[in-house]
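Taken in order, these protein sequences are the chains called A and B. Take the first sequence: its letters are residues 1 to 138, numbered as in the numbering used here. Take the second sequence: its letters are residues 1001 to 1138, numbered as in the numbering used here. Note that beta-carbon positions come from the ideal geometry of N, C-alpha and C, so glycine has one too.
Protein chains: 2
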Amino acid sequence: MNDLLERVRAMGHRLTAPRRAVLEVLARERAHLTPEELHRRARRRYPKIGLVTVYRTLALLERAGLVERVHVEAHCKSFALVRLVGAHHHRLICRDCGRVEEFSDCALESTLKSLQKRTGFAIESHQVEVIGRCPECQ
Amino acid sequence: MNDLLERVRAMGHRLTAPRRAVLEVLARERAHLTPEELHRRARRRYPKIGLVTVYRTLALLERAGLVERVHVEAHCKSFALVRLVGAHHHRLICRDCGRVEEFSDCALESTLKSLQKRTGFAIESHQVEVIGRCPECQ
DNA sequence: GTCATTGCAAATCCTTTGCATCAGC
DNA sequence: GCTGATGCAAAGGATTTGCAATGAC
């Protein structure tokens, strides 16, 4: 949590109460949340916070690479904190509670290499999302 | 193309001119398109078609599993035809022209097995998206 | 002829912007 | 105190809905 705050500050941004509230919610809940859900929860910590600020904070955190969109739901409206910061990472998501676990060992290298050979594409990146049910929800 | 039309009809839906137009565009362009782009292109085949019908057709095709959302862009607004129908499949997408290639050999079985063991999640599905530049765009 | 489908307009969301005020540093 | 950040209201987009007219079967 403190490292998150430090990161925001290090990028030259101010550490304001609304930003703290959003980051605290994201860090505490290990799930992906829509801006609306995030707003509702952040309000419990800082009642004055407006939905607009949540949007702006998410945009800031996304630019900073601290938060990413999750693609399980139809419209991809929710966000989750990036934990394996900076590193190559993917997500394992509980379809019931939305809980997010990260992992980095996707073992796709050889698959990508043969794809590249077969299609002629110059492969630049990839994303994996695994859906399941977490131990608690089973 | 004809198999697509047959599928729609087989599900008990009517084969109307607007639906043909949308399917033709999706089948011809090997890329992902937003509802708006799709509308613009479909209009060339059937000028009366409204944007609303494009939305409704996409919803129908998505329910039928013939079309899926693509997640490259920030808001996941675009759709692409599913080619390896029914089968397990993933996408290789050109970041410049949006062209989509499908593949099914992701070789993730052992990765998922060990993930499942490590996290206790009951894994149900996964999706992979690979981004790169196609031969033409390089 | 029947009933699903369409197009239009309007409603409804979701997200972004403009602007005066506020608060970190 | 300077300047970035906030909240509010309003604008802007995207998507959905209501309804009468149309067209597939």
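Let's test the definition: count the other Cβ atoms within 10 Å of the Cβ of residue i and tell me whether it reaches 16, buried, or not, exposed.
i	result
E1006(B)	exposed
H1032(B)	buried
R1044(B)	exposed
R19(A)	buried
L1015(B)	exposed
Would you call the CB atoms of residue i and residue j closer than 7 Å?
i	j	result
A27(A)	Y46(A)	no
Q138(A)	A1122(B)	yes
V1067(B)	L1084(B)	no
V70(A)	A42(A)	no
R1091(B)	E1129(B)	yes
Only counting the same chain, and skipping five residues up and downstream in sequence, which positions put a Cβ closer than 6 Å to that of residue i?
i	result
H89(A)	E102 and S104
T1111(B)	none
I1093(B)	V1072, V1100 and I1131
H1075(B)	none
Please report the distance separating the alpha-carbon of residue i from that of residue j.
i	j	result
K1117(B)	G98(A)	19 Å
E1109(B)	D1003(B)	31 Å
H1013(B)	E136(A)	41 Å
C1106(B)	R1133(B)	19 Å
E1124(B)	K1048(B)	42 Å
K77(A)	E29(A)	17 Å
R1009(B)	A1059(B)	16 Å
F79(A)	L1115(B)	22 Å
A17(A)	R56(A)	14 Å
T119(A)	K113(A)	10 Å
Among the residues of its own chain, which have a CB less than 8 Å from the CB of residue i, if the five just before and after it don't count?
i	result
L1051(B)	P1035, E1036 and H1039
Quick one: what's got a C-beta closer than 7 Å to residue i's C-beta in the same chain, skipping five residues either side?
i	result
L1061(B)	V1067
V1054(B)	V1022, P1035, L1038, H1039 and A1042
E1087(B)	Note on residue identity: the sequence assigns Ala, not Glu, to residue 1087(B). So the qualifying residues of the chain are S1104.
My assumption, with CB atoms under 8 Å, is that residue i sits in contact with residue j. Please give the rounded CB distance.
i	j	result
M964(B)	A1064(B)	Nothing can be reported for residue 964(B): it is not among the residues displayed for chain B, which extend from 1001 to 1138.
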